[in-house]
Amino acid sequence: MTNEKKKRAINRLQTMYPLRALVDGMYEKAVEASKEGKPTAWCMVNWWGGDVILRAMDVACVYPEDYGAVCAAFGAASDYLARADSDGFPTHMCGYARNCLGYAAQMNDLGEIPPEAPMAGMPKPTLLLSSGYFCDTRYKWFQALGRYLDAPLWVLEMPHPGVKENRMEGAREHDVNFLVAELREFTSFVEGLLGKKMDWDRLEKLVDDIIEMNRVWHQVNELRKARPCPMHSRDFWSSMPASLYTAADPEETAELYRKMYDEVKYMVENKIGAIAEEKYRLAFAELPPWHSLGVFNQLAERGWNFVIESWAYHPPKPIDLSKVSDPLERIARLTYQYFSGYFEEAFKTGNWWGYFAYPYLEFVREYQCDGIVLHPLLTCRTATNHLMIVQNQLMKKLKVPSLVIEGDIVDLKLFDPADALMKAETFEETMNHYRRVRKEEGFKW
Amino acid sequence: MVTGKVNRKEILLVSEEVSKGLTRAKEIYQNRTRRVKELKQEGKKVIGYLCIYPVVEMLTALDLVPYRILGDMSEPITKADACLPAVVCPFLRSCLDLGLKNKYDFLDGAVMAHACEVAEKMAHIWRIYLGPPCLHFIDTPHTAHEAAQRQHKELLKDFKKTLESFTGKELSTERLQEAIKAHNQQRALVRELYELRKPDPPLISGTETLQVMVALMSLPVGEGNELLRQVISEVKQRKDGLLKKPARLLVWGSIIDDIALMEMIEGLEANVVMDDTCVGSRAYFPEVELTKDPLDGLAYRYLVELKCPRTFRQAALDETNKKGYMADLESRFGYLKDYAKEWNVNGVILQALRYCDIHGYEVPGLKDYLDNIGMPNIYLEHDYSEAALAPLRTRVQAFLEVIG
Amino acid sequence: MTKVLIIDADGRICVRVVGPTGAEHRRLANRVMEEALERANLSFGEISYVIATGYGRLNVPFADRQITELTCHARGVVSLFPTVRIAIDIGGQDAKGLQISDGKLVDFVMNDRCAAGTGRFLEVIADALGLRVEELGGISLKSTNKVKISSTCTVFAQQEVVSRISEGVPLEDIVAGLHDAIASRVVRMVRRLKIEPDVVFTGGVARNIGVVNALKENLGCEVSVPEDPLLSGALGAALLGKELTLKALAKGEPIQRRERHLEEVTFFK
């Protein structure tokens, strides 16, 4: 990571480092809180609604899905996976889930955090918060944790509409009402569990800070449309967790994103790119190979600038919430916007898979990508299902080719960087070809 | 008797009328689309549905014929690979594959629900690649929370609007109540049929029952009820019953829409006397309460009463944890204990399709529960292909030897 | 491998025959049986009961009954080691874990899908190394620094081994690494059962001392291996047949036997 040669391949943003450090610190913070007898929670990413409630109640959160990536990167996952296997969990299931189940099983046996657990480990939680977006694993996994953990579980529902159904009269309203009702129920649940009342003023401030944080973060990413692109996907991936795992105070996080905005703006004005020579602009879907990000440096040396990526990690399209007075409704609408913000455009163009898949059409067009790298994962079907449609649609509608490189979220052997680089050379010819095709057909790039 | 110039079509009709009961069920199982295609000739519209979460009463109420979309275990999956990765539920891939091979072109529309994440994606994929004239996706909530129940009713209202727009007819309360009664009648008849599995030996096998279930899902509700009456009457009078075998099994888990697995199990020293699957008791046992606004009863039954593990259930908020683990398991699986008692079950086969998360995550907890109540059990994972049955046979036989 | 075991009423082994199965196992069963009868100096009619077990059990037309290899192995191992709780069998094509309580099989796990945790794994890689499977055990004992084979798949492990060879890694360390790979994979599967002593290891692969040691290491406990590790399945089957026969005789009931002839399986007569 501190290799001089690697640093030269990609211009890492200075303002990325403090953002990354924020999230790295969350494990230690949670363990400390637990030692002091304060409440802690294991959460699935819940796109802010659950997090603000917990934060307002002074609950320290950790995210087992991130911990899965951490264990994988540290080479610590295999023991936990083996334990989940022997406890009877089928091996095709989410690697993060199995890692966490194995970890929880060991923690249950030992009565404390396993000694070899990477970072500070995850403390025994006071509660579990799972959420409804995208995958069944989110709630089934946490339900299965009941075998090992003495912590009640709340499943926070999130509506998951179809593009067409969402346009029907009253549909968006009943969805938002549902989200708000769920958040209210969750608040009562936490109040009852912790034996204290919600500080609504504090919650309101946190909500507003999160909305602002996302607004700034969105603006940062808009700047990446510039040529050359000033911010590489690696910096996105390093800076993004702070917006999803609300490990730090959102006001502080927003300030860091503001600083990032200034840095990126400066680069745009001075036409400084993230890499030395931007020969190709690439998109990436969906989850990056967290443990092997070095391959992007090698691709950067070939002139590959990754300019946009991972729809699921992106902040929502901006939305005007000024007329909404109830803070829970404000945050609910932000969550809903995250999920369905592309639906209107998708509907107009008859693209029925409005989240995950359709956004890449916009991404590739607006960021003017020459190609997209698709990363199917063996045990994360959720982040893999849409990739074929993305491939088909991008070629059909935008004449942009895809390069498929397989991997897995915890089985690191499945991703072969050498193989990826070998394919890269051929893919450059493909991208060159389709540039010509697009030119002939009148595309802007 | 037909005399004079013989019309070939008339002879065919005469011989068709003869087939009833179990024979008819078997015929329909083997050729599912025949009846609905005849109905289409008569001008009826057929709407396909995936899984048991779409509310079929709303289709029946508008004189639409509900037709359950199923797969084909003997058809190798080829076209679906272009749309969905191979590491995904093989049953749903099979359904998609058949759709892409034009086997479902006769459908006038489709309704799909958020049964599981892959089923949810199927709705989008089906719309993109197959584009039927009408497709509606019901985003069934994941839990039985009160807010979720209210949301579910709202979603059904949206579904109602789509159907009214599609048919140009009003889905009136009266029509809906009639439909609910007819479907409840079917459920009562299915329960009656299942009663006939309680004796030792059972009067109807698991294989035969499955054929009847598949047949029901290929017919309008009235015709299905008639078929059930025939089957029940026939089975009650059976002299050539089944063999008495030491093992009386319950099969739990992912969808089984093909008799291959049942036949394999029943070819050994076992009778399958009960099931907890969705081409089986899960689809039929819960009834719809006749509420003033019928949508209330429907919304409740379909979200709260259906016993598929895709719905998150908990006994009490503070019982989904280690201390309350057994209480939580009891609230989730207690009904299986009741089934086991009523049907005199002495072994449970837990089966799940490979890549099925909904059932996969349940297995350790369910095993804990069954072990706790002293019910022998075995977990089988399979991939919706006939070739995979041989190793399963060894495991099932070994299981029977263990409990024997 | 096809194995035939004939035992007498006291459970003593009269004769044992082992032959490679190949694709023609349907025909082989009767041929191996004939050889066994010849060696035992018995006629087919003198055999009181025949039990067939294993993959080909459905293709032994002259068997009175077929019982799964899981039950038979358990019975066989119990007769050799009465205090056994866990029996691990690694054969050419599959691996089994058996949980035994009070001499009875109560639970099991099985891998018959993936070559990596079976004898096949060693065969394929031995072949790639130009070695015979029988040599592997002895070679691995010389290892001082066993290699970690990271691939879980036989095909990829083979590639990994080849690159290690070219890197100059000593052969014995690689072979020890292979033994560890197969042992850890099997143990991972067997851990789904409750592991308690005594643990017994059977099957063709149990003849490999390297794997025996690796199994001990991965389990963290002692492991016993019978003198004749290939025969526990056939032994168990024969003992079960004996039990069925003696039980019937004691009750004065006829021995439930099929009308049988010692002949090949044919499709058309």
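Residue numbers (the working numbering), protein chains in the order written: chain A, 511 to 955; chain B, 779 to 1182; chain C, 21 to 289.
Built from N, CA and C at the ideal position, the CB exists for glycine as well.
As the structure is a prediction and not an experimental result, all values here were calculated from the model.
Please list, in chain order, all residues of the same chain as residue i whose beta carbon is under 8 Å from its beta carbon, the five residues on each side excluded.
| i | result |
| --- | --- |
| B:VAL1051 | ARG975, LYS976, PRO980, GLY984, ARG1026, LEU1027, LEU1028, TRP1121, ASN1122 and VAL1123 |
| C:ARG59 | VAL35 and VAL37 |
| C:GLU242 | PRO217, ASP218, VAL219 and LYS236 |
If you check the beta carbons only, do residue i and residue j fall under 8 Å apart?
| i | j | result |
| --- | --- | --- |
| B:GLY1187 | B:SER872 | Within the shown structure, residues of chain B are numbered from 779 to 1182, placing residue 1187 of chain B beyond reach of any answer. |
| B:GLY1000 | B:LEU1128 | no |
| A:SER835 | A:PHE794 | no |
| B:THR918 | B:ALA891 | yes |
| A:PRO886 | A:LEU897 | yes |
| B:VAL1174 | B:LEU1046 | yes |
| C:ILE108 | C:VAL206 | yes |
| B:PRO1072 | B:GLN955 | yes |
| A:HIS602 | A:THR894 | no |
| A:LEU797 | A:ALA582 | no |
| A:TYR590 | A:GLN616 | yes |
Comparing C-alpha positions only, which one of the options sits nearest to residue i?
| i | options | result |
| --- | --- | --- |
| B:LEU1148 | B:GLU1164, B:GLN1175, B:ALA1118 and B:SER1163 | B:ALA1118 |
| B:LYS857 | B:LEU870, B:LEU874, B:ILE847 and B:VAL866 | B:LEU874 |
| C:ASP248 | C:GLY96, C:GLU54, C:GLU155 and C:GLY76 | C:GLY96 |
| B:ARG1132 | B:LEU870, B:MET836, B:ALA966 and B:VAL834 | B:LEU870 |
| B:ARG1016 | B:ILE1037, B:ARG1007, B:ILE982 and B:ALA993 | B:ILE982 |
| C:PRO40 | C:GLU89, C:GLN113 and C:ARG105 | C:GLN113 |
| B:GLU1183 | B:LEU1068, B:TYR1080, B:ALA860 and B:GLN1008 | Residue 1183 of chain B is absent from the structure shown; chain B starts at 779 and stops at 1182. |
| A:PHE746 | A:PHE937, A:TYR823 and A:ARG677 | A:TYR823 |
| A:LYS858 | A:GLU872, A:PHE866 and A:GLU950 | A:GLU872 |
| C:MET209 | C:ILE229, C:ASN238 and C:VAL181 | C:ASN238 |
| B:LEU1039 | B:PRO1169, B:ARG905 and B:LEU908 | B:PRO1169 |
| B:GLU1041 | B:LEU988, B:ILE1010 and B:GLU942 | B:LEU988 |
| B:GLY909 | B:HIS930, B:LEU1076, B:TYR882 and B:TYR807 | B:TYR882 |
| C:GLY188 | C:SER171, C:ALA226, C:CYS173 and C:VAL167 | C:VAL167 |
| C:SER204 | C:ILE185, C:THR164, C:ASP84 and C:VAL232 | C:VAL232 |
| A:GLU950 | A:GLN903, A:LYS909, A:GLU714 and A:GLU762 | A:LYS909 |
Assuming residue i contacts residue j under a Cβ cut-off of 8 Å, what Cβ separation, rounded to an integer in Å, is found between them?
| i | j | result |
| --- | --- | --- |
| C:ALA258 | C:ILE87 | About 11 Å separates the two Cβ atoms, so there is no contact after all. |
| A:ALA758 | A:LEU532 | 4 Å |
| B:PHE944 | B:CYS912 | 5 Å |
| B:ALA1176 | C:PHE128 | 6 Å |
| C:ILE202 | C:PHE141 | 5 Å |
| C:VAL181 | C:LEU149 | 7 Å |
| C:ALA254 | C:VAL24 | 7 Å |
| A:VAL665 | A:SER698 | At roughly 15 Å, the Cβ-Cβ gap does not stay under 8 Å, so A:VAL665 and A:SER698 are not in contact. |
| A:LEU611 | A:ALA594 | 4 Å |
Spatial neighbours of residue i within its chain, please: C-beta separation below 7 Å, excluding the five flanking residues on both sides.
| i | result |
| --- | --- |
| B:GLY1143 | LEU1107 |
| A:LYS515 | With a pLDDT of only 49 at A:LYS515, under the threshold of 50, the placement of this residue in the model should not be trusted, and no figure is reported. |
| B:LEU1020 | PRO979, PRO980, SER983 and ASN1049 |
| C:HIS281 | PHE82 |
| B:ASP1074 | LYS931 |
| B:TYR1113 | LYS1085 |
Among the residues of its own chain, which have a CB less than 6 Å from the CB of residue i, if the five just before and after it don't count?
| i | result |
| --- | --- |
| B:GLU853 | none |
| C:ASP30 | none |
| A:GLU839 | VAL690 |
| C:GLY261 | TYR69 and ILE71 |
Does residue i get closer than 8 Å to chain F when you measure Cβ to Cβ?
| i | result |
| --- | --- |
| A:GLY585 | Checking the listed chains, one finds no chain F in this structure; the protein chains it contains are A, B and C. |
Check your understanding: Three or more beta-carbon pairs under 8 Å between the region 537-556 of chain A and the region 788-803 of chain A, yes or no?
Key -> No contact exists between the region 537-556 of chain A and the region 788-803 of chain A.
Point to revise | Three-pair Cβ contact test at 8 Å for the region 552-567 of chain A versus the region 745-757 of chain A | key: Segments in contact, yes.
Check your understanding: Three or more C-beta pairs closer than 8 Å, one from the region 196-212 of chain C and one from the region 169-181 of chain C: is that the case here?
Key -> Result yes; three or more Cβ-Cβ pairs closer than 8 Å.
Check your understanding: Hey, is the region 913-922 of chain A in contact with the region 869-884 of chain A, meaning 3+ C-beta pairs nearer than 8 Å?
Key -> Look at the beta carbons and you see the region 913-922 of chain A touching the region 869-884 of chain A: at least three pairs across the two are nearer than 8 Å.
Point to revise | At least 3 beta-carbon pairs within less than 8 Å: the region 834-852 of chain A vs the region 717-725 of chain A | key: When Cβ pairs closer than 8 Å are counted between the two stretches, the region 834-852 of chain A is seen to touch the region 717-725 of chain A, the count reaching three or more.
Check your understanding: Are three or more beta carbon pairs between the region 777-784 of chain A and the region 703-717 of chain A nearer than 8 Å?
Key -> The region 777-784 of chain A and the region 703-717 of chain A do not touch, with fewer than 3 CB-CB distances between them shorter than 8 Å.
Point to revise | Given 8 Å, three or more beta-carbon pairs between the region 676-695 of chain A and the region 650-659 of chain A | key: Flag = no, the region 676-695 of chain A and the region 650-659 of chain A do not touch.
Check your understanding: Looking at C-beta atoms only, is the number of pairs between the region 725-732 of chain A and the region 823-832 of chain A that lie closer than 8 Å three or more?
Key -> Contact between the region 725-732 of chain A and the region 823-832 of chain A is present: 3 or more CB-CB pairs across the two stretches fall below 8 Å.
Practice item. Pair every Cβ in the region 1079-1086 of chain B with every Cβ in the region 921-932 of chain B, then say whether three or more of these pairs are closer than 8 Å. Key: Judged by Cβ distances under 8 Å, the region 1079-1086 of chain B makes contact with the region 921-932 of chain B, as three or more pairs qualify.
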